[in-house]
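Data first, discussion second: the structure below is written as structure tokens.
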Amino acid sequence: MSDRKSAEEIEREAAEWVVRVDSDPALAPQLEIWAAEDPRHAGAYYRALSAWRLADRGRALGHTFAARQASGTSRRALIAAAAGLAVSVGAAGFGWKVWLDGRGSLRTAVGEIRWAPLADGSRAALNTSTVLDVSMDAASRNIDLQSGEAWFDVEHDPSRPFVVRSGPVRVRAVGTSFSVRRYGDDFEVIVTEGTVEAWREDTPDRSAVKVSAGRRVSLPATAEPEVTLSPTSEIEGRLAWRTGMIALEGRSLREAAEEFNRYNGVQLVIDGDDLAEKRIVGWFRATDVDAFTAAASIALGVQVRKTGNTIILSSSSDDGNVSPAHQPL
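Each residue of the sequence shown is one higher than the last, beginning at 12 in the numbering used here.
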């Protein structure tokens, strides 16, 4: 029988480490030793830490141990301990680190989703193929999104605005939660909590638009910013990537293929404009291309053909019927 620990055991140990280091920051060196024992440990610790910060700790970490109410000092110590860990990204072949002095780079490879605590107590979730440069000091908190997409849960600090820069776009917040996605020269900001200000530096007036929770703003290169009020379900769908999912709520097959191609080396190609505009519904794991193509085959009657690292979807009939495809979590 193998001595390799199960994923469940590692998740339980990680949750226990979150509470232990919260209670006694001096245990941080022991946490680093545990993290180095198995390449899965650090990732599990970050997931447990994120759950701890996102929800009530007793509910998020389970009832097998007592979660005490932490002071502001112990919370900062916990975040600092996590920020001191260097996390190796296993199969990706490279690592990343958040430095305690607030400077460093974070990056993900194709198909990776990473959660990272920042030195100020904020946290970031990085989507696939994302690069962030972090620079924080006593007067400012600056994030440079060089590529990709990231969601931020910002620690409230009115004296140090939290500014995300991506090309000509700027997004400024004090204590809020929002995402920024870069599509070449176009950008999208989604606010899940609080309010942010967003603007483009390359426009004549550089006027900022205020975007509050439940809204998203498009910042295209060739048009005025457009703020849209979105239902909670739509925002959850657009940010489903934080849990490794793709939500296709009535999106076209072309849009679905573009999303899956962001996360996988195997690329989807749609053969025919009519087929590309057909709609499909469902939630899918971002890296499970086979499950998506199987669902598309059943729902839309498409033919699936694989050639090397390309999967070609083509029409097998001209009936034009569209049915929803549901892929269980």
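Glycine residues also receive a C-beta, built at the ideal position from the N, C-alpha and C atoms.
The criterion of a C-beta distance shorter than 8 Å is not satisfied by Ile323 and Val277.
The DSSP-derived three-state label of Ile246 is helix.
For the pair Ala136 and Ala120, the CB atoms are not nearer than the 8 Å cut-off. Burial is judged here by how many other beta carbons sit within 10 angstroms of a residue's own beta carbon; Asp33 has at least 16 and is buried. For the 8 Å CB-CB criterion, Ser188 and Thr203 form a contact. Excluding the 5 residues flanking it on each side, Pro231 has same chain C-beta neighbours closer than 7 Å at Asp197, in chain order. Distance from the CA of Ala130 to the CA of Leu143, rounded to the nearest whole angstrom, comes to 14 Å. Secondary structure of Thr139 (DSSP, three-state): coil. The Cβ atoms of Ala59 and His52 do not sit closer than 8 Å to each other. Taking the CA atoms as reference points, Asp148 sits about 9 Å from Arg171. Less than 8 Å separates the beta-carbon of Val228 from that of Ala209.
Per DSSP, reduced to three states, the secondary structure at Glu260 is strand. Taking all protein chains shown into account, Lys317 has fewer than 16 neighbouring C-beta atoms within 10 Å of its C-beta and is therefore exposed. When the alpha-carbon of Ser17 is set against those of Asp49, Val200, Ser241, the nearest one is in Asp49. Ranked by how close their Cα comes to the Cα of Gly248, the residues Glu212, Trp294, Pro36 have Trp294 in first place.
DSSP, read as helix, strand or coil, puts Pro50 in coil.
Taking C-alpha positions only, Asn275 is separated from Asp301 by approximately 11 Å.
Here DSSP, grouped into helix, strand and coil, assigns Leu42 to helix.
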